[in-house]
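Here my numbering is used: the first residue of the sequence shown is 2, the next is one more, and so on.
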Amino acid sequence: MPSPKKKALGRGLGSLIQEAQTETGATAAAENTVSIEQIHPNPNQPRTHFNETQLQELSESIRLNGILQPLLVRKDKDGYEIIAGERRYQAAKIAGLTELPVIVKDVDDQQVLELALIENLQRSDLNPIEEAKGYRQLIKASGMTQEALSKAVSKSRSAITNSLRLLDLPEVIQDMLFEGKLTAGHARAILAVPYEDGRIKLAEKVVADGLSVRATENLAPLFSVGEQPKTPRPVLPQSYKKAARMLRQALNTNVRVKSSRGKNRIEIEFKDEDELAQILEHVVHGNTDGEMSDEA
């Protein structure tokens, strides 16, 4: 039985470009050419970091050979917004090009985000944090489930889940991932540590010592032993506090009312046997002048 037809995202970027060429009658050698001044990046582009060395290398190639694949763009009030091809756009600016070949496609905001994400995923251009944020942004914008997203980007459901979990890491560790100091494998091992302080300390050690993912996994249990988050004390009713205050005044000693695991208790302090006898006499007989009997 043939599989159901997937949406444009599932068909891939190449299919979309071919479709656009067919619709416009354009070929790879005869796309629309527009001024680079009319083209601007997509503000929701998942990729936020471009390797400067690689960008310079691409710029040199473009200077010698030109743009071999047109940019995919959509028309908007400011000119043309890039759907796919921002890296080529940035390199072309460095190379000093004044015009770029483009294919104009009419797509909505969600499709722009989908296509920008899928282009970078297909070319492995995103670092782990950019990829995770791209998934989160797409889920939020489209209302997709993780299952639907996994099919759209041809990734397993577990891969999507593991990617999104990286955003649970402290910001300082996300920065290490973004800068390439840690890999996604390191990050998943660090996520095994339940407390934020332990995660940060382990990440710092991994970077400082250049540890492998396996070594990080072996160390994670050691960094999981630490101070557990303190459970906030239950707020005592005002009547309990008032009772403790009255008992302190009546018995002339420190009295506490405590609540734990659904049970309440009164703690009365005394320093020696004589003071205990005075407290007992006051409680039993209503005075503090008697002495504690042997039977007590």
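Beta carbons: idealized from backbone N, C-alpha and C, even for Gly.
Everything numeric in this text was worked out from a predicted model, so none of it was measured.
- With 16 or more neighbouring CB atoms inside 10 Å of its own CB, leucine 116 falls in the buried class.
- In this structure, leucine 72 places its C-beta atom within 8 Å of the C-beta atom of alanine 85.
- Here alanine 188 is not near leucine 203, since their CB atoms are 8 Å or more apart.
- Within 10 angstroms of the beta-carbon of isoleucine 104 lie 16 or more other beta-carbons, which makes it buried.
- Distances from the CA of arginine 75 to each of Glu53, Ile40, Gly97 were compared; the closest alpha carbon is that of Ile40.
- In this model, leucine 59 and lysine 94 are separated by some 11 Å (Cα to Cα).
- Note that the stretch 174–183 does not touch the stretch 136–144; fewer than 3 beta-carbon pairs, one per stretch, sit closer than 8 Å.
- Residue state for lysine 106 is assigned as coil, using DSSP reduced to three classes.
- Note that the C-beta distance between isoleucine 37 and leucine 98 is below 8 Å.
- Here alanine 193 carries a coil assignment [DSSP, helix/strand/coil].
- In this structure, the beta-carbon distance from glycine 186 to valine 214 falls below 8 Å.
- In the three-state DSSP reduction, lysine 76 falls in the strand class (E or B).
- Linking glutamate 180 to glutamate 53 through their CA atoms gives a straight-line distance of about 13 Å.
- In the DSSP assignment, threonine 34 forms a beta bridge with Pro102.
- When the beta-carbon positions are compared, alanine 209 and alanine 190 stay at least 8 Å from each other.
- The continuous beta strand (DSSP E) containing valine 258 extends over residues 256–261.
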